[in-house]
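Structure, as C-alpha cells:
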Amino acid sequence: MFTAIHKAVAKIPKGKVATYGAVARAAGLEGAARQVAWALRGANGRLPWHRVLGAGGKILLTGESGMEQRIRLEAEGVEFRGGRVRMDRHEFKFRAR
DNA sequence: CGGGTGACTTCCC
DNA sequence: GGGGAAGCCACCC
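Take the first sequence: its position 56, counting from 1, is numbered 56 in the working numbering, and each next residue is one higher.
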C-alpha cells in the first residue's frame with residue numbers, strides 16, 4: 001500500500017498539487033487520507049511529498065517542514081493565496097475512474 | 001486484541 | 001475563516 005500511495009503521488013505533475021484525500025482515493029485507499037501522510041513521512045525524500053496538501057490547499061505540515069514545502073511549491077510555479085495554494089489553478093485531478 | 005496517535009476530512013457553530 | 005468534535009484508517013506498543 002506504501003507502493004500504491006507512492007504511485008499516486010508520483011503521478012502529480014510538476015506545478016500541480018493534490019490533497020491527501022485525493023491521493024488516497026487515487027491509491028484506492030479512499031477515506032485513509034492519514035495513511036497518505038504516513039506514507040509520505042516514511043518515504044520522505046523519495047517522492048514529491050511537497051505536492052500533497054490538506055483539504056482546501058492548506059499546508060498541514062508543522063514547523064520548518066511546512067515552510068519548506070511552500071517554498072518548494074512556489075519554486076515549481078504554484079501560487080499561494082494567503083497560507084493556501086490556489087487549488088482552483090493547481091489542483092491536480094487524478095484520472096477519473 | 002485493546003489502546004493511543006497522527007502531515008486528514010467534514011460538519012456545525 | 002477559526003475552533004471544536006466525531007469519524008476514519010494503518011501503525012506501534
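Yeah, the Cβ is synthetic: ideal placement off N, Cα and C, and Gly gets one too.
With residue i and residue j assumed to form a contact (beta carbons below 8 Å), what rounded beta-carbon distance in angstroms separates them?
i   : j   : result
V36 : V17 : The Cβ separation is near 13 Å, so there is no contact.
A8  : A27 : 4 Å
R89 : E79 : 6 Å
R86 : G57 : 7 Å
Give the single residue among the options whose Cα lies nearest to the Cα of residue i.
i   : options               : result
A55 : R41, R34, L29 and H6  : R34
G45 : V78, D88, R72 and V85 : R72
T3  : E76, A43 and Y20      : A43
S65 : E74, H50 and G77      : H50
Expressed to the nearest angstrom, what Euclidean distance is found between the alpha-carbon atoms of residue i and residue j?
i    : j   : result
V23  : A39 : 11 Å
G15  : R84 : 15 Å
Q69  : L29 : 24 Å
G63  : R95 : 33 Å
P115 : I59 : This structure does not reach residue 115, given that the chain is present from 1 up to 97, and the question cannot be answered.
I12  : L61 : 19 Å
Problem set entry | Those runs of the alpha helix (DSSP H) which lie wholly inside the stretch 10-59 and span at least 4 residues | Under the rule that a run must span 4 or more residues, the alpha helix (DSSP H) segments found entirely inside the stretch 10-59 read 20-26 and 33-42.
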